[in-house]
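First to last, the protein sequences are chains A and B.
First residue of the first sequence? That's 0 in numbering that gives the first Met the number 0, and the numbers climb one at a time after it.
First residue of the second sequence? That's 0 in numbering that gives the first Met the number 0, and the numbers climb one at a time after it.
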Amino acid sequence: MILAVASGKGGTGKTTVSANMARALDVDAQLLDCDVEEPNAHLFLRGEVLDTEVVGIPTPQVDPSLCDGCNACGAFCEYSAIVSFGKAPILFPEMCHGCGGCMKVCPRGAITEKDRRIGVLETFQSHNVMLTHGRLDVGVAMAPPLIRAVKGKMRGDAAAILDAPPGTSCPVIATLRGVDYALLVTEPTPFGLHDLRLAVAMTREINIPFGVLVNRVGVGDDRVQRFCDQENIPILMEIPDDRGIAEAHSRGQLMVDALPEYKERFQALFESIENLTRENPDGKSE
Amino acid sequence: MKELVVISGKGGTGKTSVTAAFAALADRPVIADCDVDAADLHLVLSPRVRERHDFYSGHEAVVRREECVKCGACLAHCRFDAVKMDGARAGEATFSIDPALCEGCGVCVRFCPVNAIDFPERLCGEWMVSDTDYGPMAHACLNAAAENSGKLVATVRREAKNLAEADNHPLVLVDGPPGIGCPVIASITGASLVLAVTEPTVSGEHDLERVLALTKHFKIPAAVCVNKWDINEAMTEAIEAKARDANAIPAGRIRYDVGVTTAQVMGQPVVVFPESVAAQDMQTLWKRIQTMLS
Chain A
0 MILAVASGKG
10 GTGKTTVSAN
20 MARALDVDAQ
30 LLDCDVEEPN
40 AHLFLRGEVL
50 DTEVVGIPTP
60 QVDPSLCDGC
70 NACGAFCEYS
80 AIVSFGKAPI
90 LFPEMCHGCG
100 GCMKVCPRGA
110 ITEKDRRIGV
120 LETFQSHNVM
130 LTHGRLDVGV
140 AMAPPLIRAV
150 KGKMRGDAAA
160 ILDAPPGTSC
170 PVIATLRGVD
180 YALLVTEPTP
190 FGLHDLRLAV
200 AMTREINIPF
210 GVLVNRVGVG
220 DDRVQRFCDQ
230 ENIPILMEIP
240 DDRGIAEAHS
250 RGQLMVDALP
260 EYKERFQALF
270 ESIENLTREN
280 PDGKSE
Chain B
0 MKELVVISGK
10 GGTGKTSVTA
20 AFAALADRPV
30 IADCDVDAAD
40 LHLVLSPRVR
50 ERHDFYSGHE
60 AVVRREECVK
70 CGACLAHCRF
80 DAVKMDGARA
90 GEATFSIDPA
100 LCEGCGVCVR
110 FCPVNAIDFP
120 ERLCGEWMVS
130 DTDYGPMAHA
140 CLNAAAENSG
150 KLVATVRREA
160 KNLAEADNHP
170 LVLVDGPPGI
180 GCPVIASITG
190 ASLVLAVTEP
200 TVSGEHDLER
210 VLALTKHFKI
220 PAAVCVNKWD
230 INEAMTEAIE
240 AKARDANAIP
250 AGRIRYDVGV
260 TTAQVMGQPV
270 VVFPESVAAQ
280 DMQTLWKRIQ
290 TMLS
């Protein structure tokens, strides 16, 4: 099963939930940290680095001896990443999405591609969990290609848990695409509710079954629970607001280590999601 | 006119609560919510919308089914896994484009042998100009599963600056997005000052380092504030030392206070409740930030 842990709002506990669930499983599991702008799971699942790999995206390079300055490339590029004024084009690689269009439309075959580095992949082994994360280079704007590279490390022979970035735009879509189930983590506050609504709309839009985990229950109000009732969205787990959990978390300690009763709770959470995906293999959760 | 951008690296550290407090404390600010993915500032500033504008950005590829000859050229050319093939064999399959994955590059449009792919402009959301009790506000709403949030961020910032210039406002106050990627870069380039709000956790520390590397990369002065600092005092001190090493100024600490959530539930900036200890800390923080801005 491929499970993504996501949320509209940041800081609701995605990494806490995904790291604890992966560790609680006991059997071999893969955790793929897709929050490549701010990867954090390795701070909780410390382990030996098994492998590192540089990731790049293809960007154009121009052979000036072949270019006649026709600007077919510049006219084609939707991102203003290449432009020619009657001679060899000027490149703006940070704007380039790596679509390959300029190379394909060049009538003189003057454009080839070379990889421009955007970040690295690192794989760790921490007890039963194989963790792979991407680390986007500072100053690089485009996260989705690195997220696709992280997901490319999915082996398929073990349960895979994907820790998604916050928000509802392209990096989240790149993470959620192709997963069996999305667990949306929220908190019972007005910001939590508002961003949960956005995450629900997004998850429905891309047609992935989902359920909710409410973290820090006891702060705020009960509008998140009422919203889930009305919308027929299952609440799969609630974690209370607890200073002990917050302090253990601040030190980088896993809940399943600090508070052993959570091991069974996270195991039960994973099992309930497995059952939900089995009951309804292609459908939506509602 | 000065521009202060509140960011965090890690999400959920209290950017929006701090920005809302500053909005209530500042003299005639223009407010901009640049967290267009998950905009929350309106929940505590209750803007009255004056203008709404559709936001179009780029194009999206759409296959005209009845003209498609099922050759699969689009699938072969697309580098973003956006072409979906239903049906097992070429010649029988139907092809369509997943709008959530299409990056609008136009390669499939150009290389479709029968020109069966349209390339309309893409509606990605809307942006608004509003009034609040504290000043005018520019904000936006990105459509579910839309992309190009960086361009929408740039639009919101531009509109906020226009509002400030039109009416001589001394400050644009920006609530930024989490992370260090495209929407964050679009939020901070050229700003007068960045305030990074973090929390005393291993994640908060790690993410602050990356966000300060980003402000350094773009040569923007940075201040740091540790929210809920009393959860872990040793970590707070370590974070402030790291901030100094990165040439950022530790500008204040905010105590953990459930009053922040209570104010949020009531739809108000926390400084409206002067008995809140977090509100008192934010007032002290705001005084330091004002000095740094002037």
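Idealized CB from N, CA, C, for every residue including glycine.
On a predicted model such as this, the values are computed, not experimentally measured, just so you know.
Check whether the Cβ of A/H126 lies closer than 7 angstroms to any Cβ atom in chain B. For the purposes of this step, residue 126 of chain A is taken as residue 127 along the first sequence, with counting starting at 1. By this cut-off, A/H126 is not an interface position.
Contacts of A/S168 in chain B (Cβ-Cβ under 7 angstroms): To locate residue 168 of chain A, count along the first sequence from 1; it is residue 169. By Cβ distance, chain B contributes D36, L141, A145, E146, S148.
Counting C-beta neighbours from all protein chains within 10 Å, is the total for A/M141 16 or more, i.e. buried, or is it exposed? As a position in the first sequence, residue 141 of chain A is number 142, starting the count at 1. The residue in question, A/M141, is buried, as its Cβ has 16 or more Cβ neighbours within 10 Å.
Could you check if B/A31 is buried or exposed, using at least 16 other CB atoms within 10 Å of its CB as the buried criterion? Indexing the second sequence from 1 puts residue 31 of chain B at position 32. Buried, since its Cβ has 16 or more Cβ neighbours within 10 Å.
Terminal residues of the alpha helix (DSSP H) in which A/P170 lies: Walking along the first sequence from the start, residue 170 of chain A turns up at place 171. Here the alpha helix (DSSP H) through A/P170 covers 169-175.
Quick check on A/M102: does DSSP put it in helix, strand or coil? The residue labelled residue 102 of chain A in the question sits at position 103 within the first sequence. Reduced to three states, the DSSP call for A/M102 is helix.
State buried or exposed for B/G11, treating a residue as buried only when at least 16 other CB atoms are found within 10 Å of its CB. Within the second sequence, residue 11 of chain B is the residue found at index 12, counting from 1. With 16 or more Cβ atoms within 10 Å of its Cβ, B/G11 is classed as buried.
7 angstroms is my cut-off, CB to CB: does B/K218 come that close to chain A? For the purposes of this step, residue 218 of chain B is taken as the residue at position 219 of the second sequence. With 7 angstroms as the cut-off, B/K218 does not count as an interface residue toward chain A.
Near-chain A residues of the segment 65-92 of chain B (beta-carbon distance less than 9 angstroms), N- to C-terminal order: H76, C77, R78, F79, D80
Using alpha carbons as the reference points, say which of B/G86, B/V82, B/N114 lies closest to B/G103. What you label residue 103 of chain B is simply residue 104 of the second sequence in a count that begins at 1. With distances taken between Cα atoms, B/G103 lies closest to B/V82.
Interface partners of B/S202 on chain A, CB under 7 angstroms: As a first step, residue 202 of chain B is located in the second sequence; it is residue number 203 there, counting from the start. Here the neighbours are T14, N39, L42.
Tell me whether A/F75 sits in a helix, a strand or coil according to DSSP, three-state version. Position 76 of the first sequence, counting from 1, holds the residue named residue 75 of chain A. A/F75 falls in the helix class under three-state DSSP.
Pick from A/R22, A/A87, A/C227: whose alpha carbon is nearest that of A/G108? For the purposes of this step, residue 108 of chain A is identified with residue 109 of the first sequence, where counting begins at 1. If we check each option's Cα against that of A/G108, A/A87 comes out closest.
Nearest-angstrom beta carbon gap, B/D36 and B/G175 [assumed within contact, 8 angstroms]: Sequence index remark: in the second sequence, residue 175 of chain B carries index 176 (1-based). Sequence index remark: in the second sequence, residue 36 of chain B carries index 37 (1-based). Contact flag wrong, Cβ pair sits at about 11 angstroms.
In chain order, what residues of the same chain lie with their CB nearer than 6 angstroms to the CB of A/I238, ignoring the 5 residues before and after it? Against the first sequence, residue 238 of chain A aligns to sequence position 239. Hits under 6 angstroms: N214.
Establish whether the CB of B/T12 and some CB of chain A are separated by less than 7 angstroms. Here residue 12 of chain B is taken as the residue at index 13 of the second sequence, counted from 1. Yes - at least one Cβ of chain A is within 7 angstroms of the one on B/T12.
Under 7 angstroms between beta-carbons, which chain B residues line up against A/G9? List them in chain order, please. The residue you call residue 9 of chain A lines up with position 10 of the first sequence. Ordered by position in chain B, the residues that pass the 7 angstroms Cβ test against A/G9 are K9, G10, G11, P177.
For B/G251, which beta-bridge partners are listed by DSSP? Position 252 of the second sequence, counting from 1, holds the residue named residue 251 of chain B. Paired residues: B/C224.
Cβ of B/G124 less than 7 angstroms from any chain A Cβ? Start at 1 with the first residue of the second sequence, and residue 124 of chain B comes out as number 125. No, no contact with chain A.
Pairs of beta-carbons, one from the segment 46-54 of chain B and one from the segment 116-132 of chain B, closer than 8 angstroms: are there three or more? yes
Are there 16 or more other CB atoms within 10 angstroms of the CB of B/A237, so buried, or fewer, so exposed? Translated into the one-based positions of the second sequence, residue 237 of chain B becomes position 238. Classification for B/A237: exposed.
With a floor of 4 residues, list each alpha helix (DSSP H) that falls wholly inside the segment 106-167 of chain B, ordered by position along the chain. 106-110, 148-165
To be precise: take each residue of the segment 163-194 of chain B, compare its Cβ to all Cβ atoms of chain A, and keep it if any distance is under 9 angstroms. Which residues remain? P176, P177, G178, I179, G180, C181, P182, V183, I184, A185
Just to confirm, are A/M325 and A/T167 a CB contact at a threshold of 7 angstroms? Since the displayed chain A opens at 0 and closes at 285, residue 325 of chain A lies outside it and no answer follows.
Just the Cα atoms here: how many angstroms apart are B/C123 and A/E263? As a first step, residue 123 of chain B is located in the second sequence; it is residue number 124 there, counting from the start. As a first step, residue 263 of chain A is located in the first sequence; it is residue number 264 there, counting from the start. Their backbone Cα atoms lie some 43 angstroms apart in a straight line.
Integer Cβ distance of B/L284 from B/A250, believed to fall under 8 angstroms: Here residue 284 of chain B refers to the residue found at position 285 of the second sequence. Here residue 250 of chain B refers to the residue found at position 251 of the second sequence. B/L284 to B/A250, Cβ: 6 angstroms. Contact.
Rounded C-alpha distance that separates B/G134 from A/I117: Sequence index remark: in the second sequence, residue 134 of chain B carries index 135 (1-based). Sequence index remark: in the first sequence, residue 117 of chain A carries index 118 (1-based). If you take the alpha carbons of B/G134 and A/I117, they lie about 40 angstroms apart.
Measure the C-alpha to C-alpha separation of A/I110 and A/R196 and round it to an integer number of angstroms. Taking the first residue of the first sequence as position 1, residue 110 of chain A is located at position 111. Taking the first residue of the first sequence as position 1, residue 196 of chain A is located at position 197. When rounded, the distance between both Cα atoms is 45 angstroms.
Alpha-carbon to alpha-carbon, A/G155 and B/V17: Here the question's residue 17 of chain B lines up with position 18 in the second sequence. Here the question's residue 155 of chain A lines up with position 156 in the first sequence. Near 43 angstroms, if we compare the C-alpha coordinates of A/G155 and B/V17.
Taking the runs of the alpha helix (DSSP H) that are 4 residues or longer, which of them lie wholly in the segment 87-156 of chain A? 100-104, 143-150
Please name the residue in A/C101, A/A18, A/L65, A/N127 whose C-alpha comes closest to that of A/Y78. In the first sequence, counting from the first residue as 1, residue 78 of chain A sits at position 79. Ranking the options by Cα distance to A/Y78, first place goes to A/C101.
Let me make sure I understand the geometry here. Which of A/P187, A/L161, A/G191 has the alpha-carbon closest to that of A/D179? The count along the first sequence starts at 1 and reaches residue 179 of chain A at position 180. Taking only the C-alpha atoms, the option nearest A/D179 is A/L161.
Cα-Cα, which of A/P57, A/G99, A/C66, A/G85 is closest to A/C76? In the first sequence, residue 76 of chain A corresponds to position 77, counting from 1. Checked all of A/P57, A/G99, A/C66, A/G85; the closest Cα to A/C76 is A/G99.
Segment limits, alpha helix (DSSP H) that includes B/Q289: Walking along the second sequence from the start, residue 289 of chain B turns up at place 290. Segment 276-292, the alpha helix (DSSP H) holding B/Q289.
Indicate the three-state DSSP secondary structure (helix, strand or coil) for A/Q252 in the structure shown. Taking the first residue of the first sequence as position 1, residue 252 of chain A is located at position 253. Coil, per DSSP.
Could you please tell me which residues of the segment 242-270 of chain A, in chain order, have their CB closer than 8 angstroms to any CB of chain B? R242, A245, E246, H248, S249, R250, G251
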